[in-house]
Amino acid sequence: MNNQSTSSNGMDRQKEVYIQGIGGVKQKIPFDSKGLEATASKVMSDEAYAYIAGGAGDGLTMKNNLNAFSRYQIVPEMLKNVENRDSTIELFGKRHPSPFFLAPIGVLEMAHKNADIAVAKAAEACSIPYIFSNQASYPMEKVAKHMPTTSKWFQLYWSKSRELVKSLVQRAETCGCEAIVVTLDTSLLGWRTADLNGAYLPFLRGLGIAQYTSDPVFQKIIDSFIDNPEQDTKPPLNLKTLSVLRQMLMSYPDQGLIKKLKEGRARAAVKAFTQTYSNPALSWEDLNYLRKCTSLPILLKGILSPTDAQLAISYGMDGIIVSNHGGRQVDGSISALEALEKISPVINGQIPILMDSGIRTGADAFKAIALGANAVCIGRPYAYALAIGGEKGVFELLSNFKADFDLTMGLSGCKTIADVKKQVLLKS
Ligand SMILES: Cc1cc2nc3c(=O)[nH]c(=O)nc-3n(C[C@H](O)[C@H](O)[C@H](O)COP(=O)(O)O)c2cc1C
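Quick note on the numbering used here: the sequence shown kicks off at 146 and runs consecutively.
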């Protein structure tokens with residue numbers, strides 16, 4: 146990885162690829178988004194692929210997300226002297242070399258054993274900020290160590306325990322996160338048909354709950370579950386159940402296997418998680434509590450309606466992420482790109498807008514910026530690259546996104562992000 150370029154210049158990346166090709170070396174990560182997903186699907190388990198690729202219901206929102214991009218066409222302008230291009234952006238007083246962020250993605254251990262750590266290393270090498278997921282496979286403190294210079298943010302799922310919310314936010318602040326992203330669209334789990342077909346939910350096997358099991362407040366919640374065992378629906382007792390129990394124990398941190406078994410903490414942790422994780426009772430007023438917990442900028446993720454965007458401003462939020470969670474929550478929802486077009490005039494530059502759900506190419510990012518996004522988040526593509534090539538795979542993918550964006554900008558007649566305006570687009 147070390148001898149590969151970290152430049153944002155698309156021509157440098159092209160040169161690198163073609164020169165390596167002379168020696169018969171091809172890149173591991175397919176350059177097209179369909180090839181990327183197809184290759185990833187071959188290296189992942191069926192459950193992992195279903196969990197990452199799947200969406201809510203019949204997948205209409207996922208389709209809407211992708212189709213929306215083809216309704217906007219770029220109108221390139223010529224002879225604009227685009228020899229020197231600058232794709233840097235500024236957010237909350239900090240400059241970033243490109244308009245890309247990494248969206249929070251949970252349970253990355255399903256894609257690769259090094260999960261969030263591998264992603265953090267690649268993000269650091271490419272100077273692309275990474276939003277740590279509340280459902281990460283490694284605790285934020287361990288992941289943050291691999292990002293000494295590049296920005297890291299923390300994404301919060303607001304649980305039923307306010308003390309846990311406060312603890313997670315304070316840990317994020319202590320380990321150097323520069324903003325808190327509250328995801329609002331997952332207060333209930335969407336009707337995810339691929340996971341339901343496979344009867345597979347990773348959290349019930351102890352995966353993706355590392356931020357919880359590493360938390361002192363959550364440890365106390367676990368204690369209360371050990372003292373008061375719940376009478377839950379129990380799975381059938383057979384070899385498969387025992388193998389899940391083993392996976393659960395292996396995922397639980399620090400203690401010896403026997404001790405974990407004895408105390409039943411690993412099982413209690415899963416139970417405690419399922420009972421506390423989501424909070425459908427949340428309302429706008431709750432945001433005042435979060436504001437008291439942290440002085441970091443707070444962004445709301447999952448905003449799709451102009452009314453909510455206006456409310457975010459009224460409640461003193463510092464930014465929004467226009468997103469429909471990659472179509473994993475509501476089937477048949479508005480595409481994130483069309484939502485962005487409606488929301489940006491309402492925000493009108495008062496607070497930054499990030500956008501995700503459907504970003505697959507540099508041209509997609511260009512269109513989102515033209516419609517008013519200050520930055521975009523890459524989601525599933527980096528999970529696929531992680532599955533295919535671990536840290537190096539994510540590095541390649543991010544280098545490709547930066548290169549593709551730079552070339553799209555230059556070829557469209559834009560020298561800077563400020564040149565990427567709605568006027569460069571035509572809607573059909
Ligand atoms: C497997 C998977 C796990 C995700 N986990 C989280 C999460 O923990 N927190 C969160 O806010 N969003 C999560 N998301 C949503 C992403 O942050 C992002 O909104 C979405 O991936 C964008 O859609 P796209 O990947 O199709 O572009 C997840 C998405 C996927 C695919």
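All residues carry an ideal CB built from backbone N, CA and C; glycine is no exception. The model shown is predicted, which means the values in this text are computed figures rather than measured ones.
- The C-beta of Pro249 has 16 or more other C-beta atoms within 10 Å across all chains shown, which makes the residue buried.
- Residue range 245-247 is occupied by the beta strand (DSSP E) that includes Leu247.
- Listed in chain order, the beta strand (DSSP E) runs fully inside the stretch 262-295 are 275-277, counting runs of at least 3 residues.
- A straight-line Cα-Cα distance of about 20 Å links Ile197 and Lys537.
- Looking at Tyr163, Phe176, Gly169, Gly166, the one whose alpha-carbon comes closest to that of Tyr527 is Phe176.
- Annotated as proximal: Gln165 and Lys171, with beta-carbon spacing under 9 Å.
- For Met500, no alpha helix (DSSP H) run applies; the uninterrupted beta strand (DSSP E) run containing it begins and ends at 498-500, by DSSP.
- A distance below 7 Å between beta-carbons, with the five flanking residues on each side excluded, links Tyr434 to the following residues of its chain, in chain order: Arg307.
- Beta-bridge partners assigned by DSSP to Arg240: Glu235.
- At a threshold of 8 Å, Val252 counts as near ligand 1, since its beta carbon sits closer than that to one of the ligand's heavy atoms.
- Secondary structure in the stretch 537-573: the beta strand (DSSP E) runs of 3 residues or longer, each lying completely within the stretch, are 570-572 in chain order.
- The shortest CA-to-CA distance from Ser440 to any of Gly155, Ala281, Leu427, Asp463 is the one to Asp463.
- One thing to note: Ser282 has its Cβ within 9 Å of the Cβ of Ala355.
- Considered as a whole, the stretch 342-418 harbours 355-358, 361-372, 384-396, 402-408 as its complete alpha helix (DSSP H) runs of no fewer than 4 residues, in chain order.
- The nearest non-hydrogen atom of ligand 1 is 8 Å or more from the C-beta of Ala344.
- A distance criterion of 8 Å places the beta-carbon of Cys522 in contact range of ligand 1, judged by its closest non-hydrogen atom.
- Within its own chain, the residues whose Cβ lies closer than 8 Å to the Cβ of Asn424, once the five positions on either side in sequence are excluded, are Trp303, Ser304, Lys305, Ser332, listed in chain order.
- Remark: the C-beta of Pro274 is outside contact range of ligand 1, defined as less than 8 Å to any heavy atom.
- Placement of the Cβ of Asp501 at a distance of less than 8 Å from at least one heavy atom of ligand 1 is found.
- Counting only unbroken stretches of 4 or more residues, the alpha helix (DSSP H) elements lying wholly within the stretch 414-451 are 432-438, in sequence order.
- If you draw a straight line from the Cα of Arg412 to the Cα of Gln280, it is about 17 Å long.
- For Gly472, the Cβ falls inside the 8 Å cut-off from some heavy atom of ligand 1.
- Secondary-structure assignment with DSSP links Gly169 through no beta bridge to anything.
- Relative to the non-hydrogen atoms of ligand 1, the Cβ of Asn210 comes within a distance shorter than 8 Å of at least one.
- Shortest gap from the CB of Val475 to any heavy atom of ligand 1: 8 Å or more.
- Burial check for Val415: the Cβ neighbour count within 10 Å reaches 16 or more, so the residue is buried.
- In this structure, the CA atom of Met395 is about 36 Å from the CA atom of Phe546.
- Non-local beta-carbon contacts of Asp564 in its own chain, meaning distances under 6 Å to residues more than five positions away in sequence, are absent.
- When rounded, the separation of the alpha-carbon atoms in Leu402 and Pro380 is 22 Å.
- Here Val220 is exposed. Its C-beta has fewer than 16 other C-beta atoms within 10 Å.
- Contact annotation: Val569 and Leu445 have beta-carbon atoms that are not nearer than 9 Å.
- The Cβ atoms of Ile465 and Ala454 lie closer than 9 Å to each other.
- Going by C-alpha positions, Gln420 is about 15 Å away from Leu427.
- Selection Gly535, Glu228, Gly558, Thr386 evaluated against Leu253 yields Gly535 as nearest (Cα-Cα).
- The DSSP-derived three-state label of Tyr217 is strand.
- Straight across, the Cα-Cα distance linking Gly351 with Met292 is about 26 Å.
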